[in-house]
Amino acid sequence: MRIISNPLGNVLQKQLTVKGNHPLLVNFLTYLLLSVLCGYILVTTSWLLLPQQFWMFAIAGGLTGALGNGFLVKALQKGDLSVLGPINSYKSVVGIIVAVFLLGELPNVWGLLGVALIIYGSYFVLDTTAERFSWALFKKSEIQFRIWAMILTAIEAVFVKKVIVASSATIAFVSWCCFGALFSFLLLFVYRLPLAKELKKIATPDLKFYLLLIVCIGTMQFTTNYVFDRMPVGYALSLFQLSTILSVLFGYRLFNEANIRKKLIGSVIMLVGSVVIILMK
-11 MRIISNPLGN
-1 VLQKQLTVKG
9 NHPLLVNFLT
19 YLLLSVLCGY
29 ILVTTSWLLL
39 PQQFWMFAIA
49 GGLTGALGNG
59 FLVKALQKGD
69 LSVLGPINSY
79 KSVVGIIVAV
89 FLLGELPNVW
99 GLLGVALIIY
109 GSYFVLDTTA
119 ERFSWALFKK
129 SEIQFRIWAM
139 ILTAIEAVFV
149 KKVIVASSAT
159 IAFVSWCCFG
169 ALFSFLLLFV
179 YRLPLAKELK
189 KIATPDLKFY
199 LLLIVCIGTM
209 QFTTNYVFDR
219 MPVGYALSLF
229 QLSTILSVLF
239 GYRLFNEANI
249 RKKLIGSVIM
259 LVGSVVIILM
269 K
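Residue -11 is where the sequence shown starts when you use our numbering, and the numbers rise one by one after that.
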């Protein structure tokens, strides 16, 4: 469910921004609507009884998550889904490094081999761009936005795991929604986005896209928490890279993106890396 819901959410985010919805508004409304749906749990949970560690990492996770998802939607507005999706493969590397220091989760040899395969596979995908796999590629704004999104959400993943340890997967999900809504709302002021004006731009047909988006993002985050509660963060992030194949196929079928064969070869190599991590854990 996590692997399927993530690229589906990316498709909906890209469709909304292509239709003229501002990326920061899409980011904020996603968190806000999810927070509303969490209303019952929100009012029935004894929040004051939760330890200080919960609040510290929940706030840190909300901030990094809101920033990361904001960069992600901005990247999807300008870039190809079939290229931006595979860049996320580096997220497992960042997650493993951060998890070593904050969670004490040390990868074994098979884990490192799997991550190496994922990175090698991403070379094939990125080499399909006009700039090919070079420094010039990383100078493109959409690639830079995606890299920042990848780094921030990888760090966020470790914070989410700490929140889960201090509470539960469900409470961590609710806090993720609420703090994400708070910080993404603050981002609207930082970038001086005229909220009322942008809300008026939302067309009636767009509402169904927002509804489907919160279903996808809500499913993605809740299943992410479930997996984090049961396996190391670095390995879980590697497992999630199986969604790369779906990102490539969606980009080809829905947005007519080119070089599908080479992108699929890279994605299959990344899939092998994920399988190595899963089977040898």
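Idealized CB from N, CA, C, for every residue including glycine.
Proximity of the region 12 to 31 to the region 161 to 174 meets the contact definition, three or more beta-carbon pairs being nearer than 8 Å.
The beta carbon of W136 is closer than 6 Å to those of F59 in its chain, skipping five residues each way along the sequence. Looking from the CA of Q65, the closest CA among V6, A54, G56, Q40 belongs to V6. Selection A54, A87, I152 evaluated against F210 yields I152 as nearest (Cα-Cα).
Cβ neighbours of K188 within its own chain (closer than 6 Å, five residues either side excluded): none. Taking all protein chains in view, the Cβ of G53 is crowded by 16 or more other Cβ atoms within 10 Å, so the residue is classified as buried. A contact is defined here as three or more CB-CB pairs under 8 Å, and the region 202 to 218 meets this definition with respect to the region 155 to 166. Sequence-distant partners of G102 (beyond 5 residues in either direction) whose C-beta falls short of 7 Å from its own C-beta, in its chain, are S226, G261, S262, V264, I265. For N213, the enclosing alpha helix (DSSP H) starts and ends at 194 to 216.
As the crow flies, the alpha-carbon of L176 is around 44 Å from that of V97.
About 4 Å separates the beta carbon of M208 from that of S(-7), a gap short enough to meet the 8 Å contact definition.
Contact between the region 227 to 236 and the region 87 to 94 is not established, with fewer than three Cβ pairs separated by less than 8 Å.
By the 16-neighbour rule on beta-carbons within 10 angstroms, V146 is buried. Here N247 carries a coil assignment [DSSP, helix/strand/coil].
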